[in-house]
Amino acid sequence: MAPWGELFAGVRGVLLDISGVLYDSGAGGGTAIAGSVEAVARLKRSQLKIRFCTNESQKSRAELVGQLRRLGFDISEGEVTAPAPAACQILKERGLRPHLLIHDGVRSEFDQIDTSNPNCVVIADAGESFSYQNMNSAFQVLMELESPVLISLGKGRYYKETSGLMLDVGPYMKALEYACGIQAEVVGKPSPEFFKSALQAIGVEAHQAVMIGDDIVGDVGGAQRCGMRALQVRTGKFRPSDEHHPEVKADGYVDNLAEAVDLLLQHVDK
Numbered sequence: 005m006a007p008w009g010e011l012f013a014g015v016r017g018v019l020l021d022i023s024g025v026l027y028d029s030g031a032g033g034g035t036a037i038a039g040s041v042e043a044v045a046r047l048k049r050s051q052l053k054i055r056f057c058t059n060e061s062q063k064s065r066a067e068l069v070g071q072l073r074r075l076g077f078d079i080s081e082g083e084v085t086a087p088a089p090a091a092c093q094i095l096k097e098r099g100l101r102p103h104l105l106i107h108d109g110v111r112s113e114f115d116q117i118d119t120s121n122p123n124c125v126v127i128a129d130a131g132e133s134f135s136y137q138n139m140n141s142a143f144q145v146l147m148e149l150e151s152p153v154l155i156s157l158g159k160g161r162y163y164k165e166t167s168g169l170m171l172d173v174g175p176y177m178k179a180l181e182y183a184c185g186i187q188a189e190v191v192g193k194p195s196p197e198f199f200k201s202a203l204q205a206i207g208v209e210a211h212q213a214v215m216i217g218d219d220i221v222g223d224v225g226g227a228q229r230c231g232m233r234a235l236q237v238r239t240g241k242f243r244p245s246d247e248h249h250p251e252v253k254a255d256g257y258v259d260n261l262a263e264a265v266d267l268l269l270q271h272v273d274k
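Numbering (this note's numbering), first residue to last: 5 to 274.
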């Protein structure tokens with residue numbers, strides 16, 4: 005691993021994952037991870053540009069931001085890059101009418117989208133709505149299309165809530181891919197387009213940015229493939245085996261966001 009000073013040379017922007025880095029979701033709004041509220045505040049007082057980059061697809065951006073603000077975070081909706089708004093843009097540009105297999109909490113993001121006579125399926129982290137009946141309905145829509153289109157809001161395997169690890173959208177996406185013999189289009193991390201849109205929002209080039217996340221594949225691997233540096237925190241979904249992942253090696257491992265920010269502010273532009 006490169007020395008921290010070398011690692012952070014030329015960094016002008018920071019992309020922050022939310023779930024597992026800022027807080028653990030769960031009953032009652034979840035819990036802020038120790039030190040993360042102040043860490044975000046310190047970043048905002050610095051010269052670094054910040055963007056929150058999440059695959060959250062159970063809540064609208066407004067609901068997510070409201071929840072984070074109640075936990076003490078200084079964050080606004082306009083600072084968050086999330087998959088649902090990006091998916092809506094794609095649907096409009098391509099004239100797609102989705103069958104939605106999504107969580108009720110994010111349904112409001114699709115209010116302006118025509119869902120009549122669907123010609124594609126959009127799948128997100130639907131939580132309890134991942135019933136056999138609902139999965140089969142999505143499968144039937146895809147099988148009836150001459151050129152089936154499956155759009156997935158992320159492809160995470162699991163995430164962490166205060167009650168423990170929870171299945172994410174990825175396993176259900178893979179089930180539909182396998183059943184229909186197709187490949188999903190992923191909107192969200194680790195999609196390069198998703199990271200690029202976050203970087204464009206803060207006017208920073210990939211080589212000038214560092215990603216901080218808890219997912220070795222989605223956060224770290226995705227960011228590195230875009231030319232960014234990436235740190236993995238040992239909070240959220242982190243597992244000790246991540247540090248020996250066969251394909252992805254983070255540029256640095258830190259115990260939590262507070263430690264990452266300490267190191268960043270010590271070494272950036274010095």
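The C-beta atom is built at its ideal place from N, Cα and C for all residues, glycine as well.
8 angstroms Cβ cutoff met for residue i and residue j
i           : j           : result
residue 138 : residue 105 : yes
residue 217 : residue 234 : yes
residue 61  : residue 173 : yes
residue 159 : residue 190 : yes
residue 220 : residue 264 : no
residue 337 : residue 127 : Beyond the ends of the chain as shown, which are 5 and 274, falls residue 337; an answer cannot be given.
residue 46  : residue 269 : yes
residue 262 : residue 39  : yes
residue 145 : residue 103 : yes
Residue i to residue j span [Cα, whole Å]
i           : j           : result
residue 53  : residue 80  : 14 angstroms
residue 258 : residue 179 : 34 angstroms
residue 203 : residue 150 : 36 angstroms
residue 34  : residue 251 : 32 angstroms
residue 12  : residue 210 : 13 angstroms
residue 119 : residue 93  : 14 angstroms
residue 224 : residue 188 : 21 angstroms
residue 100 : residue 153 : 9 angstroms
residue 49  : residue 266 : 13 angstroms
residue 143 : residue 212 : 42 angstroms
residue 256 : residue 181 : 34 angstroms
residue 249 : residue 229 : 16 angstroms
residue 165 : residue 185 : 32 angstroms
residue 123 : residue 9   : 51 angstroms
residue 20  : residue 236 : 11 angstroms
residue 68  : residue 82  : 12 angstroms
residue 207 : residue 222 : 22 angstroms
residue 131 : residue 272 : 40 angstroms
Assumed close pair residue i, residue j - CB separation to whole angstroms, cut-off 8 angstroms
i           : j          : result
residue 58  : residue 84 : 6 angstroms
residue 201 : residue 31 : With a Cβ gap of about 32 angstroms, residue 201 and residue 31 do not count as contacting.
Contact set for residue i: own chain, Cβ-Cβ below 6 angstroms, skip 5 residues either direction
i           : result
residue 214 : 15, 18, 233
residue 196 : 230
residue 176 : 134
residue 71  : 33
Spatial neighbours of residue i in its chain, beta-carbon cut-off 7 angstroms, leaving aside the 5 residues before and after
i           : result
residue 239 : 24, 25, 37, 218, 260
residue 192 : 59, 87, 157, 158, 198
residue 147 : 184
Own chain partners of residue i with C-beta closer than 8 angstroms, once the 5 adjacent residues on each side are dropped
i           : result
residue 169 : 162, 163, 241
With a cut-off of 8 angstroms, do at least 3 Cβ pairs link the segment 124 to 139 to the segment 20 to 37?
no
Sufficient close CB pairs (3 or more, under 8 angstroms) joining the segment 98 to 113 to the segment 71 to 80:
The segment 98 to 113 vs the segment 71 to 80: no contact.
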